[in-house]
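Position one of the sequence shown corresponds to residue 12 (the working numbering), numbered consecutively onward.
These notes are about the structure you will find just below.
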Amino acid sequence: MEIKINKGILSLVEGDITKQDTEAVVNAANKSLRGGGGVDGAIHRAGGPRILEECLKIGGCETGEAVITAGGNLKAKYVIHTVGPIYRDGLYDEAKLLRNAYQNSLKLASSKGIKSIAFPSISTGAYGYPLEDAAEIALKTTIVYLQTHTEIGLIRVVLFVQKTYEVYGKVLKRLLES
Ligand code: ADP
12 MEIKINKGIL SLVEGDITKQ DTEAVVNAAN KSLRGGGGVD GAIHRAGGPR
62 ILEECLKIGG CETGEAVITA GGNLKAKYVI HTVGPIYRDG LYDEAKLLRN
112 AYQNSLKLAS SKGIKSIAFP SISTGAYGYP LEDAAEIALK TTIVYLQTHT
162 EIGLIRVVLF VQKTYEVYGK VLKRLLES
């Protein structure tokens, strides 16, 4: 599913983020930046040790913030590591922190002149963010970014499992109709 927003494209695909040919891919990292499971483990496995070396030099990342490393063996030239919130009950600023994770990743991409970027569904795996709510935040934030920044040409959201892809698609349709 693909929509044009201002000068850019927002695209939803079912797939593996480690295979994407965008200039940057985003990693749903943890604060230590030492690697982990899920999408984080997949990116480090596919990208090789250079990514972890750079992460260890950076030393860590706060929730909602983003840092950048090389892409190592990935097709993507860069990995932007961002830390989504661990979901508790919605009363710990989870929504704002998730929005910050998307926004700060995009701002970092813009500042590096990156024109195409792929995101996974941040916080909806081990971090337990309710999927529909997370999808709404991910999509609203990326849509507003494309509306207000013309330097990024493509934001691709890469959903690893079919059900997640379907939920994102449903939420996007709803946002476009409202
Ligand atoms: P978090 O800790 O932020 O919740 P996870 O990696 O546990 O991060 O999960 C985030 C999302 O990433 C989940 O929807 C999961 O299905 C998805 N995911 C796992 N592996 C990949 C991959 N290779 N490409 C894209 N998405 C992936």
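Backbone N, C-alpha and C fix where the C-beta goes; we use that ideal spot for every residue, glycine too.
Please state whether DSSP places residue i in a helix, a strand or coil.
i: residue 172; result: coil
i: residue 133; result: coil
i: residue 99; result: coil
i: residue 44; result: coil
i: residue 122; result: helix
i: residue 127; result: strand
Looking only at DSSP bridge pairs, what is residue i linked to?
i: residue 84; result: According to DSSP, which records beta bridges pairwise, residue 84 is partnered with nothing at all.
i: residue 89; result: 35 and 81
i: residue 54; result: The partner list for residue 54 (beta bridge, DSSP) is empty, contrary to what the question assumes.
i: residue 19; result: 16
i: residue 25; result: 170
i: residue 165; result: 20 and 127
i: residue 3; result: Because the chain here runs from 12 to 189, residue 3 falls outside it and cannot be looked at.
Comparing alpha-carbon positions, which option in the options lies nearest residue i?
i: residue 126; options: 162, 143 and 107; result: 162
i: residue 105; options: 46, 80, 133 and 87; result: 133
i: residue 91; options: 38, 171 and 158; result: 38
i: residue 172; options: 22, 14, 26 and 17; result: 26
i: residue 42; options: 86, 76 and 64; result: 76
i: residue 186; options: 29, 153 and 121; result: 153
i: residue 67; options: 40, 165 and 113; result: 40
i: residue 148; options: 183, 97 and 139; result: 183
i: residue 65; options: 121, 82 and 57; result: 82
i: residue 120; options: 95, 35 and 18; result: 35
i: residue 93; options: 114, 101 and 103; result: 114
i: residue 87; options: 31, 142, 124 and 111; result: 31
Would the beta-carbon of residue i be found less than 7 Å away from any heavy atom of the ligand NAP?
i: residue 136; result: Among the ligands modelled here, namely the ligand ADP, the ligand NAP does not occur.
Among the residues of its own chain, which have a CB less than 6 Å from the CB of residue i, if the five just before and after it don't count?
i: residue 49; result: 136 and 137
i: residue 53; result: 29
i: residue 112; result: 75, 93, 95 and 133
i: residue 156; result: 117
Sorted by chain position, which residues of the same chain lie with C-beta nearer than 8 Å to residue i's C-beta, five sequence neighbours on each side aside?
i: residue 107; result: 75
i: residue 51; result: 38, 39, 40 and 41
i: residue 179; result: 23, 132, 146, 149, 150, 168 and 170
i: residue 139; result: 97 and 98
Can you give me the Cβ contacts of residue i inside the same chain, cut-off strictly under 7 Å, excluding the 5 residues immediately before and after it?
i: residue 71; result: 42, 43 and 44
i: residue 55; result: 46, 62 and 63
i: residue 143; result: 178 and 182
i: residue 33; result: 87, 127, 128, 129, 165 and 167
For chain C, is any of its Cβ atoms less than 8 Å away from the one on residue i?
i: residue 25; result: This model lacks chain C altogether; it includes just one protein chain.
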